[in-house]
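Trainee: Sharing a structure, written as structure tokens. Questions coming.
Residue numbers (our numbering): 116 to 272.
Written as structure tokens, this is what we have:
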């Protein structure tokens, strides 16, 4: 199995979350580690827990060149820049908001959302111990204490 390392940082993950919500109608971002659809590769994002500003400061201190990428959505006229501006405004008026948003990506509560493919709301009519959690793409429900069926994810209790 091959590993493919990408340079996405936490700001990219937050921006992607809002882009998907505002323009795709989905609550999704990009995980730090992901198996490709064909199962042959694992994508890793070693900078996932780093802020963009911290990486820029580090690059400047080390005299690393910053190479712009015209393929990653950083162009001025794209929606990512609008999201980036929105987040900067929020952070200025409410310091710590970006850290809180990122932290929320690590504390998902499927039962508090409305995705019937992720949480079996029909089971709420049965005993509490019968609640079933459904991983993405699952055709049948699994019990909450069966995280082995969800690679690279931890089901919270």
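All C-beta atoms, glycine included, are put in the ideal place defined by N, C-alpha and C.
1) Which complete alpha helix (DSSP H) runs does the region 210-243 hold, if anything under 4 residues is left out?
2) Please list the terminal residues of the continuous alpha helix (DSSP H) segment that includes residue 172.
3) Do you know how far the Cα of residue 238 is from the Cα of residue 177?
4) Work out the CA separation of residue 165 and residue 218 for me, nearest whole Å.
5) Could you tell me which residues DSSP pairs with residue 151 in its beta bridges?
6) Do you know offhand how far residue 116's Cα is from residue 179's?
7) Report the rounded CA-to-CA distance for residue 118 versus residue 231, giving the unit in angstroms.
8) Quick check on residue 128: buried or exposed, where buried means 16 or more other Cβ atoms within 10 Å of its Cβ?
9) Give every residue of the same chain whose Cβ lies closer than 7 Å to the Cβ of residue 123, excluding the five residues on either side of it in the sequence, and list them in chain order.
10) The ligand FAD heavy atoms versus the CB of residue 145: any closer than 6 Å?
11) First and last residue of the beta strand (DSSP E) that includes residue 144?
12) Looking at the secondary structure, which residues open and close the alpha helix (DSSP H) in which residue 129 lies?
13) Rounded to the nearest angstrom, what separates residue 157 and residue 132 at their Cα positions?
14) Sort 153, 221, 225 by Cα distance to residue 147 and report the nearest one.
15) With a Cβ-Cβ cutoff of 7 Å, do residue 198 and residue 130 count as a contact?
Mentor: If we stick to the structure as given:
1) 212-220
2) 167-176
3) 55 Å
4) 12 Å
5) The partner list for residue 151 (beta bridge, DSSP) is empty, contrary to what the question assumes.
6) 31 Å
7) 32 Å
8) buried
9) 145, 160, 162, 163
10) Absence of the ligand FAD from the depicted structure is noted, as is the absence of any ligand whatsoever, leaving it without description.
11) Unbroken run through residue 144: none, as it is neither H nor E.
12) 125-134
13) 21 Å
14) 221
15) yes
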